[in-house]
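Q:
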Amino acid sequence: MASNKKDILMPQELSGLRIDAAIHKIFPEYSRGRIQTWIRDGHIKVDGQSLAPKKKIIGGESISIDFQPDDEGKQFEAEDIAIHIVYEDDDILVINKPAGLVVHPGAGNWSGTLLNGLLHHFPDNKALVRAGIVHRLDKDTSGLMVVSKNEVAQQNLIKQLQNKTVKREYRCIVWGQVWKNGVVKEPIGRHPTVRVKMAVNKIHGKDSVTHYEVLERFGHHSYLRCNLETGRTHQIRVHMSHVQAPIVGDPIYGIKKIIPVRELSQELKDEVFGFPRQALHAIGLGLVHPISNEFMRWDIELPDDMKRLLELIRAEPNKSPKPFKLSDEDFEG
Numbered sequence: 000m001a002s003n004k005k006d007i008l009m010p011q012e013l014s015g016l017r018i019d020a021a022i023h024k025i026f027p028e029y030s031r032g033r034i035q036t037w038i039r040d041g042h043i044k045v046d047g048q049s050l051a052p053k054k055k056i057i058g059g060e061s062i063s064i065d066f067q068p069d070d071e072g073k074q075f076e077a078e079d080i081a082i083h084i085v086y087e088d089d090d091i092l093v094i095n096k097p098a099g100l101v102v103h104p105g106a107g108n109w110s111g112t113l114l115n116g117l118l119h120h121f122p123d124n125k126a127l128v129r130a131g132i133v134h135r136l137d138k139d140t141s142g143l144m145v146v147s148k149n150e151v152a153q154q155n156l157i158k159q160l161q162n163k164t165v166k167r168e169y170r171c172i173v174w175g176q177v178w179k180n181g182v183v184k185e186p187i188g189r190h191p192t193v194r195v196k197m198a199v200n201k202i203h204g205k206d207s208v209t210h211y212e213v214l215e216r217f218g219h220h221s222y223l224r225c226n227l228e229t230g231r232t233h234q235i236r237v238h239m240s241h242v243q244a245p246i247v248g249d250p251i252y253g254i255k256k257i258i259p260v261r262e263l264s265q266e267l268k269d270e271v272f273g274f275p276r277q278a279l280h281a282i283g284l285g286l287v288h289p290i291s292n293e294f295m296r297w298d299i300e301l302p303d304d305m306k307r308l309l310e311l312i313r314a315e316p317n318k319s320p321k322p323f324k325l326s327d328e329d330f331e332g
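Shown next, in the form of structure tokens:
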């Protein structure tokens with residue numbers, strides 16, 4: 000990979016972080032150790048000056064990064080990966096990401112990502128930070144994402160996301176009978192002991208708000224619409240688990256593989272306990288077009304795997320003699 004210089008404006012939301020940590024948040028494809036080396040070697044400057052990696056940022060600084068060739072360069076290789084485009088113009092793409100596709104290169108996934116596919120289909124996006132990606136979906140969450148095609152559009156979309164004006168609607172199938180609509184306002188941060196997990200963390204967590212609406216309720220499951228005010232890592236998954244309505248198939252925040260639900264048919268048991276991913280889909284996306292200033296919205300259908308799961312649940316008679324509730328012992332971890 001050739002040296003590649005970029006100038007960015009440090010987002011206000013990263014205020015208080017060390018320089019190396021803040022840059023790692025923006026460019027997670029590079030290890031924090033690699034970023035620290037670049038800072039010490041003068042390849043990263045803050046407002047034109049070289050500073051120590053531990054220096055705290057306040058937000059709004061001008062950051063100049065001269066990306067250096069390294070062993071992680073393969074993450075920028077273009078790969079012929081299919082991308083389902085829902086909408087495209089000169090400034091933005093809206094795509095329908097399938098479950099199983101990693102959005103951005105990182106540890107264990109240096110190739111085969113959405114970013115690699117974007118570089119193949121849209122070579123000009125190589126000039127953009129993260130190849131134009133402005134937000135993410137988890138690997139096994141499917142649905143709508145917006146990608147910028149130029150720097151003006153990218154900065155505008157980032158501001159809309161920071162200002163919480165982008166409308167993001169999700170559908171999920173959860174365990175438990177959810178009886179009424181609600182709002183979860185619980186801060187989310189790293190799990191105190193299991194670092195690969197996020198958790199409701201009232202001390203170190205960031206403000207997180209999820210609205211949920213009951214679309215259908217069944218004997219042992221509910222079908223929900225969720226809307227986000229914030230976009231924290233694993234937000235819906237963490238919040239639904241917190242209110243004891245974990246998403247079917249969630250390997251981190253879901254229930255244990257076997258719980259005593261004798262009332263379910265064997266076919267449905269096989270489907271819900273064998274569902275290979277979290278049953279979570281980004282079904283709607285609304286934003287102001289960064290150039291025309293027109294509000295635009297896109298809606299797509301559920302993917303086939305969630306359609307089948309929902310059909311099986313709908314066909315199941317409600318044999319539960321009493322309301323189905325989960326206990327703390329039913330959850331993973």
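Numbering that gives the first Met the number 0 numbers the first residue of the sequence shown as 0 and each following residue consecutively.
From the three backbone atoms N, C-alpha and C, an ideal C-beta is built for every residue, glycine too.
#1: Give a yes or no on contact between the region 178-198 and the region 139-159, applying the rule of three or more CB pairs nearer than 8 Å.
#2: Applying the 10 Å Cβ sphere with the 16-neighbour rule, what's the burial state of Ala314?
#3: Note down the Cα distance separating Glu71 from Trp109, rounded to an integer number of angstroms.
#4: Following the continuous alpha helix (DSSP H) through Trp37, name the residue where it begins and the one where it ends.
#5: Would you report the Cα separation of Val151 and Glu87, rounded to the nearest angstrom?
#6: Taking the alpha helix (DSSP H) that Ala314 belongs to, which residues open and close that run?
#7: Tell me where the alpha helix (DSSP H) around Gly142 begins and ends.
#8: Using a 10 Å radius around the Cβ and a threshold of 16 neighbouring Cβ atoms, would you call Asn155 buried or exposed?
#9: Do Gln277 and Arg236 count as a contact pair if the criterion is CB distance below 8 Å?
#10: By DSSP's criteria, His220 is part of a beta bridge. Which residues make up the other side?
#11: Taking only the alpha-carbon atoms, compute the straight-line gap between Glu300 and Ile282 and give it to the nearest angstrom.
#12: Would you kindly work out how many angstroms separate the C-alpha atoms of Pro316 and Val247, rounded to a whole number?
#13: For Asn348 versus Asp90, is the C-beta spacing smaller than 8 Å?
#14: To the nearest angstrom, report how far apart His219 and Asn180 are at their CA atoms.
#15: Checking the sheet assignment: what are the DSSP bridge partners for Phe294?
#16: Closest to Asn226 by C-alpha separation, out of Pro191, Gly285, Arg189, would be which residue?
#17: Our contact map puts Val102 next to Thr112 with C-beta atoms below 8 Å; I'd like the distance itself, whole angstroms only.
#18: Which first and last residues belong to the beta strand (DSSP E) in which Phe274 is found?
#19: In chain order, what residues of the same chain lie with their CB nearer than 6 Å to the CB of Lys73, ignoring the 5 residues before and after it?
#20: Less than 8 Å between C-beta atoms, sequence neighbours within five positions excluded: which residues of the same chain meet that for Ile157?
#21: Would you list the residues sitting across from Asp6 in a DSSP beta bridge?
#22: Skipping 5 residues on each side, what residues in its chain have a beta carbon closer than 8 Å to that of Glu12?
#23: For Ser207, count the other beta carbons within 10 Å of its own beta carbon; 16 or more makes it buried, fewer makes it exposed. Which is it?
#24: For Ser63, which residues from the same chain have a beta carbon less than 6 Å from its beta carbon, with the 5 sequence-adjacent residues on both sides left out?
#25: Please report the distance separating the alpha-carbon of Val145 from that of Leu117.
#26: CA-CA distance, Pro289 and Phe75?
#27: Assign Lys54 to buried or exposed, taking buried as 16 or more other Cβ atoms, counted over all protein chains shown, within 10 Å of its Cβ.
#28: Can you tell me the Cα-Cα spacing of Asp123 and Val195, whole angstroms?
A: Here's the rundown:
#1: no
#2: exposed
#3: Caution applies to Glu71, whose pLDDT of 46 falls short of 50 and renders its modelled position unreliable; the value that the coordinates give is listed next. Rounded to the nearest angstrom, the gap between the Cα atoms of Glu71 and Trp109 is 8 Å.
#4: 31-39
#5: Going by the C-alpha atoms only, they are around 16 Å apart.
#6: 303-314
#7: Run containing Gly142: none in the alpha helix (DSSP H); it sits in the beta strand (DSSP E), 141-147.
#8: buried
#9: yes
#10: Trp174
#11: 7 Å
#12: C-alpha separation (whole angstroms): 19 Å.
#13: One cannot answer for residue 348 here, as it falls past the ends of the chain, which runs 0 to 332.
#14: Going from the Cα of His219 to the Cα of Asn180 covers about 17 Å.
#15: Val287
#16: Gly285
#17: 6 Å
#18: Careful: Phe274 lies outside any beta strand (DSSP E) and carries neither H nor E.
#19: The pLDDT assigned to Lys73 is 48, lower than 50, so where the model puts this residue is not dependable, and the model offers no usable value.
#20: Pro10, Val133
#21: Ser63
#22: Gly58, Gln161
#23: Here Ser207 is buried. Its C-beta has 16 or more other C-beta atoms within 10 Å.
#24: Asp6, Lys44
#25: 12 Å
#26: Approximately 26 Å between the Cα atoms of the pair.
#27: exposed
#28: 34 Å
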